[in-house]
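**Q**
Numbering (the numbering used here), first residue to last: 2 to 251.
1) Quick check on the DSSP output: the alpha helix (DSSP H) that includes residue 226 runs from which residue to which?
2) Give a yes or no on contact between the segment 100–115 and the segment 71–80, applying the rule of three or more CB pairs nearer than 8 angstroms.
3) Using only alpha-carbon positions, find the residue among 209, 224, 223 and 234 that is nearest to residue 85.
4) For the segment 6–66, which segments carrying the alpha helix (DSSP H) assignment without a break, of at least 4 residues, lie completely within its bounds, in sequence order?
5) Rounded to whole angstroms, what is the Cα-Cα separation between residue 137 and residue 187?
6) Helix or strand or just coil, what does DSSP make of residue 117?
7) Is it true that the CB of residue 135 sits closer than 8 angstroms to the CB of residue 17?
8) Specify, as a first and last residue, the run of the alpha helix (DSSP H) that residue 100 falls within.
9) Let me confirm a value: residue 199 is counted as buried when at least 16 other C-beta atoms fall within 10 Å, else exposed. Which label applies?
10) Going by C-alpha distance, which of 108, 70, 159 and 150 is nearest residue 50?
11) Within a Cβ cutoff of 6 angstroms, which residues of the same chain sit near residue 154, ignoring the five residues on either side of it in sequence?
12) Considering only C-alpha positions, which residue in the set 202, 218, 151 and 124 is nearest to residue 35?
13) Less than 8 angstroms between the C-beta atoms of residue 25 and residue 146, yes or no?
14) Given a threshold of 16 other Cβ atoms within 10 Å of its Cβ, counted over all protein chains shown, does residue 224 qualify as buried or as exposed?
15) Start and end of the alpha helix (DSSP H) containing residue 192?
16) Does the Cβ of residue 88 have 16 or more other Cβ atoms within 10 Å, making it buried, or fewer, making it exposed?
17) To the nearest angstrom, how far is it from the Cα of residue 232 to the Cα of residue 141?
18) Use the C-beta contact count for residue 52: other C-beta atoms within 10 angstroms, 16 or more gives buried, fewer gives exposed.
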């Protein structure tokens, strides 16, 4: 029994790493650019690395670094980082039902590792994966793969400094990877409505300060998806069966 449990956990952990690999191709140059930007902004190397390992939030790190370079007061920097990361509250609320039976240590670890990229592959696993009670190991594998890559790419950017060309700002590679992940996950009409609404707002609000456009897009997608789901509930013939929410056990 214990051997079967160990095998299941290991399989889920490795599956999480594999699911994250395509995204890591876009994350690597992104992390290197952050490291180089931190050096040009005057951040000490150890502070730049500490931000990657403690804050561990790419968008917030770029914003914080830019504000630091312009001499922005510390309180403003902290509040801005909090606003940029507000979307993580929505991610947490989305995966919370799947993790409700885990202990505080597990929840704390997964909350720390929960990023845009880890959430993207994790929620697909929870919605489509087997109900084996080991899904949190998949999320752990995805999160650790991303965390390790982010630390290494940040260190490389710090070491190379100005040698990292600005043309490496390959934000579009991350966007394309997310599209490739999201499109297959659109299983019913509410999913499609939510994705289209969020995508439209994201385009319209792309120039909003402090990444607030991303937060607005996320909230819009949630509201649109909820309304579409309610509409579908009144039209059973047009609704697909919903996925079950499996309990988790550590």
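In this text, a Cβ means the ideal position worked out from N, Cα and C, and glycines have one as well.
Fair warning: this is a prediction, and the values are worked out from it, not measured in the lab.
**A** Quick answer:
1) Position 225 of the chain shown, counted from the first residue, corresponds to residue 226. Start and end: 213–234.
2) no
3) For the purposes of this step, residue 85 is taken as residue 84 along the chain shown, with counting starting at 1. Of the listed residues, the one whose Cα sits closest to residue 85 is 209.
4) 46–51
5) As a position in the chain shown, residue 137 is number 136, starting the count at 1. As a position in the chain shown, residue 187 is number 186, starting the count at 1. Taking the straight line joining both Cα atoms gives about 22 angstroms.
6) Translated into positions along the chain shown, residue 117 becomes position 116. Helix, per DSSP.
7) Along the chain shown, one-based indexing puts residue 17 at 16. Along the chain shown, one-based indexing puts residue 135 at 134. Not in contact: residue 17 and residue 135 (Cβ atoms no closer than 8 angstroms).
8) Reading the chain shown from its first residue, position 99 is the one you call residue 100. Unbroken alpha helix (DSSP H) run through residue 100: 88–100.
9) Here residue 199 corresponds to residue number 198 of the chain shown, with the count starting at 1. By the 10 Å Cβ count, residue 199 comes out buried.
10) The residue labelled residue 50 in the question sits at position 49 within the chain shown. With distances taken between Cα atoms, residue 50 lies closest to 159.
11) Residue mapping note: residue 154 aligns to position 153 of the chain shown, counting from 1. Closer than 6 angstroms at the Cβ level, and outside the excluded window around residue 154, lie 29, 32 and 33.
12) For the purposes of this step, residue 35 is taken as residue 34 along the chain shown, with counting starting at 1. For the residues 202, 218, 151 and 124, the minimum Cα distance to residue 35 belongs to 151.
13) Indexing the chain shown from 1 puts residue 25 at position 24. Indexing the chain shown from 1 puts residue 146 at position 145. Yes, Cβ-Cβ distance for residue 25 and residue 146 is below 8 angstroms.
14) Mapped onto the chain shown, residue 224 falls at position 223. Its Cβ having fewer than 16 others within 10 Å, residue 224 is exposed.
15) Your numbering for residue 192 matches position 191 in the chain shown. Start and end: 190–205.
16) Against the chain shown, residue 88 aligns to sequence position 87. Label assigned to residue 88: buried.
17) Stepping through the chain shown from its first residue, residue 232 is reached at position 231. Stepping through the chain shown from its first residue, residue 141 is reached at position 140. Going from the Cα of residue 232 to the Cα of residue 141 covers about 35 angstroms.
18) Position 51 of the chain shown, counted from the first residue, corresponds to residue 52. Buried, since its Cβ has 16 or more Cβ neighbours within 10 Å.
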